[in-house]
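Visitor:
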């Protein structure tokens with residue numbers, strides 16, 4: 001059985017990005033087969049509607065790839081019960097990276113005129129002069 005659910009275009013293309021990452025990282029077997037089946041079904045939807053934006057899709061793949069690595073690194077530290085500065089920096093990187101991801105999804109929604117859009121609302125952590133993990137400026141106002 002398949003449940004068809006309306007989603008924003010950004011959400012669809014983000015899901016495809018994540019599935020591409022899973023296909024690269026999963027070993028052959030039932031889990032990878034399930035991922036391939038889901039990817040193919042969603043890719044058909046995107047293709048039949050002409051939902052291609054190579055530049056933003058590549059950016060989304062890069063952001064989701066970074067997020068995948070950060071989550072893996074966090075899990076390694078978690079297994080060691082190592083909650084020091086590296087863990088804190090990685091934990092912070094999760095929400096910085098998710099903010100980049102949300103911005104890319106929003107750009108895709110705008111580009112394609114999606115009638116559904118995902119909205120986020122969080123406490124603004126970008127204090128003036130604050131820096132991201134790794135040292136780059138957040139440019140908060």
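Numbering (our numbering), first residue to last: 1 to 141. Glycine is no exception: its CB is placed at the ideal position from the N, C-alpha and C atoms.
Taking the C-alpha atoms as reference points, what is the distance between residue 109 and residue 65?
Guide: Straight-line Cα distance between these residues: approximately 21 Å.
Visitor: Would you identify the three-state DSSP class for residue 11, choosing helix, strand or coil?
Guide: Three-state result, residue 11: helix.
Visitor: Can you tell me where the alpha helix (DSSP H) with residue 4 in it begins and where it stops?
Guide: From DSSP, residue 4 is part of no alpha helix (DSSP H); its letter is neither H nor E.
Visitor: Buried or exposed: where does residue 17 fall if 16 or more other Cβ atoms within 10 Å of its Cβ makes it buried?
Guide: With 16 or more other Cβ atoms within 10 Å, it is buried.
Visitor: Does the distance from the C-beta atom of residue 56 to that of residue 101 stay below 8 Å?
Guide: No, the Cβ-Cβ distance between residue 56 and residue 101 is not below 8 Å.
Visitor: Compute the distance between the beta-carbons of residue 77 and residue 86, then report whether it is under 8 Å.
Guide: For residue 77 and residue 86, yes; Cβs fall inside 8 Å.
Visitor: According to the Cβ coordinates, are residue 61 and residue 20 closer than 8 Å?
Guide: Contact: yes.
Visitor: Does the Cβ of residue 23 have 16 or more other Cβ atoms within 10 Å, making it buried, or fewer, making it exposed?
Guide: Label assigned to residue 23: exposed.
Visitor: Less than 8 Å separating the beta-carbons of residue 115 and residue 10?
Guide: Cβ atoms of residue 115 and residue 10: not closer than 8 Å.
Visitor: Identify the continuous alpha helix (DSSP H) that holds residue 96 and give its terminal residues.
Guide: First-last of the alpha helix (DSSP H) with residue 96: 85-112.
Visitor: In angstroms with no decimal places, state the Cα-to-Cα distance between residue 125 and residue 106.
Guide: Rounded to the nearest angstrom, the two C-alpha atoms are 20 Å apart.
Visitor: Can you give me the start and stop residues for the alpha helix (DSSP H) that residue 76 sits inside?
Guide: Per DSSP, residue 76 belongs to the alpha helix (DSSP H) from 54-80.
Visitor: Using the beta-carbon count (16 or more within 10 Å), is residue 58 buried or exposed?
Guide: That one is exposed.
Visitor: Compare the C-alpha of residue 6 against each of 27, 46 and 40 and name the closest.
Guide: It is 46.
Visitor: Assuming residue 36 is part of the alpha helix (DSSP H), what are its boundary residues?
Guide: From DSSP, the alpha helix (DSSP H) with residue 36 extends over 30-48.
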